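Sequential numbering of the sequence shown, starting at 9, is according to this note's numbering. Each residue gets a CB set at the ideal place from its N, CA and C atoms; glycine is no exception. Predicted model only: the values in this text are computed from it and were never measured.
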Amino acid sequence: MMDDGLVVVASGLVKRYQSVMALAGLDLGIRRGEIFGLIGPNGAGKTTLIRAIVGALQPTAGSVRVLGLDPIADRWQLRRRLGYMPQQPALYPDLTTHRNVAFFAAAHSVHANSGPVQRTLELVDLVDRADDPVRTLSGGMRQRVSLACALVHEPELLILDEPTAGVDPELRATFWQRFREMANRGTTVVVSTHQMGEALECDRVALIRAGKVVAAEGPGRLFRSRRATVRLDDGNGERRIDLDDYERQLPALMHESSAARVTIEMEPLDDIVLRLIREGEE
9 MMDDGLVVVA SGLVKRYQSV MALAGLDLGI RRGEIFGLIG PNGAGKTTLI
59 RAIVGALQPT AGSVRVLGLD PIADRWQLRR RLGYMPQQPA LYPDLTTHRN
109 VAFFAAAHSV HANSGPVQRT LELVDLVDRA DDPVRTLSGG MRQRVSLACA
159 LVHEPELLIL DEPTAGVDPE LRATFWQRFR EMANRGTTVV VSTHQMGEAL
209 ECDRVALIRA GKVVAAEGPG RLFRSRRATV RLDDGNGERR IDLDDYERQL
259 PALMHESSAA RVTIEMEPLD DIVLRLIREG EE
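Structural data, given as structure tokens:
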């Protein structure tokens, strides 16, 4: 049984590699039909968590339930309902785009010549490259093939590890449009990303540090204490004011100010994440 609509439940999840603690008692719940982001520095445990969710590793301690199943004991049941796009595309370079997608379709009992294969190629805009060997494709196109392989069996839960790494902004926007369409249809999408702009596209975001969840909430709340530097120029000189909480402090400042010119420099999202990580270490 799933807990209150949660499709992923991790409780006290620990994974140790000899002297390295990759996951240190991590607790997390992911809801059905949401886009859930995983952010944090390299080595924080994001990929290890994903591998635990998809049943690619045995936890040292704790538990994880996915769609009500144990990812290890119930791996064959789970794989029919789960789509996984790894950080590095796991494709067959000498096979064509179509044959790669068809191969993964067959692994999920979807016929190679069935509608889902063609629809998936259309979804990732690769119909015109369907007969080209994957080795002839660009890096961005290989990412699209990898996404198609994860989508072809129409999974209930889609796990994506850095899906837009190395792709151009236009393709990144296309990917996120597809993710939102899937979530609107009830698919749960879990995305690991280093792009803070992508974190804003998620319904909720978990900030992971040293194998634990520092915070898990909507990106608006996670980034609500954004800092800013405001420069006010009243014609007789410029005055600089640093705000610790931009959303709360700026309206009052602007109400009191008679400046003719106002310049605002926002704290970068990456800096907010680093600050939250450091605050979690204190």
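Per-residue DSSP class, three states only, for residue i
i: Asp40; result: Checking the displayed sequence, the identity of residue 40 turns out to be Arg instead of Asp. If DSSP states are grouped into helix, strand and coil, Arg40 belongs with coil.
i: Ala64; result: coil
i: Asp35; result: strand
i: Leu284; result: helix
i: Arg232; result: coil
i: Leu134; result: coil
i: Asp139; result: coil
i: Ala52; result: coil
i: Met10; result: Residue placement at Met10 is poorly supported in this model, since its pLDDT is 45, which falls under 50; the coordinates are not used for a value here.
i: Asp102; result: coil
i: Ser154; result: helix
i: Ala260; result: helix
i: Leu57; result: helix
i: Gly174; result: coil
Proximity winner among the options, relative to residue i (alpha-carbon distances)
i: Pro163; options: Thr144, Phe183, Arg89; result: Arg89
i: Arg59; options: Tyr92, Gly76, Glu42, Gly70; result: Tyr92
i: Gly147; options: Glu209, Val222, Gln95; result: Gln95
i: Ala267; options: Arg256, Val238, Asp250; result: Val238
i: Leu145; options: Pro124, Met274, His116, His106; result: His106
i: Val160; options: Leu57, Met29, Gln126; result: Gln126
i: Asn192; options: Pro67, Cys210, Arg269, Ala156; result: Cys210
i: Val17; options: Tyr100, Val198, Ile47; result: Val198
i: Asp35; options: Ile216, Arg83, Phe111; result: Ile216
i: Pro141; options: Leu99, Leu165, His116, Ser117; result: Leu99
i: Pro97; options: Asp169, Ala214, Ala69; result: Asp169
Run of the alpha helix (DSSP H) containing residue i, from where it starts to where it stops
i: Val160; result: Element bounds for Val160: n/a, residue is neither H nor E.
i: Thr128; result: 123-131
i: Thr105; result: 105-115
i: Ala207; result: 204-207
i: Thr182; result: 177-192
i: Arg83; result: 83-87
Inter-residue spacing [alpha-carbon to alpha-carbon] between residue i and residue j
i: Gly13; j: Gly63; result: 21 Å
i: Val132; j: Ala114; result: 19 Å
i: Asp279; j: Gly205; result: 13 Å
i: Ala181; j: Arg212; result: 19 Å
i: Val15; j: Ala158; result: 18 Å
i: Ala173; j: Arg248; result: 38 Å
i: Pro171; j: Glu42; result: 17 Å
i: Lys220; j: Ser19; result: 11 Å
i: Arg150; j: Asn244; result: 57 Å
i: Val175; j: Glu264; result: 45 Å
i: Thr104; j: Leu179; result: 21 Å
i: Arg269; j: Asp241; result: 5 Å
i: Gly53; j: Arg39; result: 20 Å
i: Gln26; j: Pro67; result: 13 Å
i: Gly51; j: Ala218; result: 7 Å
i: Ile272; j: Ala236; result: 7 Å
i: Ala138; j: Ile167; result: 24 Å
i: Ala223; j: Asp102; result: 43 Å
i: Thr128; j: Ala156; result: 6 Å
i: Leu282; j: Arg143; result: 38 Å
i: Met9; j: Asp78; result: Because Met9 sits at a pLDDT of 37, beneath the cut-off of 50, its placement in the model cannot be relied upon, and the following sentence gives the value as read from the coordinates. Spanning the two alpha carbons is a distance of roughly 11 Å.
i: Leu46; j: Ala110; result: 30 Å
i: Phe231; j: Trp184; result: 20 Å
Residue-chain proximity (residue i, chain B), Cβ-Cβ < 8 Å
i: Ala81; result: Of the protein chains in the structure, only one exists, and it is not chain B.
Limits of the unbroken beta strand (DSSP E) element including residue i
i: Leu251; result: 246-251
i: Thr271; result: 269-274
i: Leu77; result: Element bounds for Leu77: n/a, residue is neither H nor E.
i: Glu225; result: 220-225
i: Ala18; result: 14-25
i: Leu240; result: 236-241
i: Tyr92; result: 90-93
i: Val118; result: Where Val118 is concerned, there is no enclosing beta strand (DSSP E), given that its DSSP letter is neither H nor E.
i: Thr196; result: 196-200
i: Ala214; result: 212-217
Residue i Cβ short of 7 Å to the ligand ZN heavy atom set
i: Leu240; result: The ligand content of the structure shown is nil, which means the ligand ZN is not present either.
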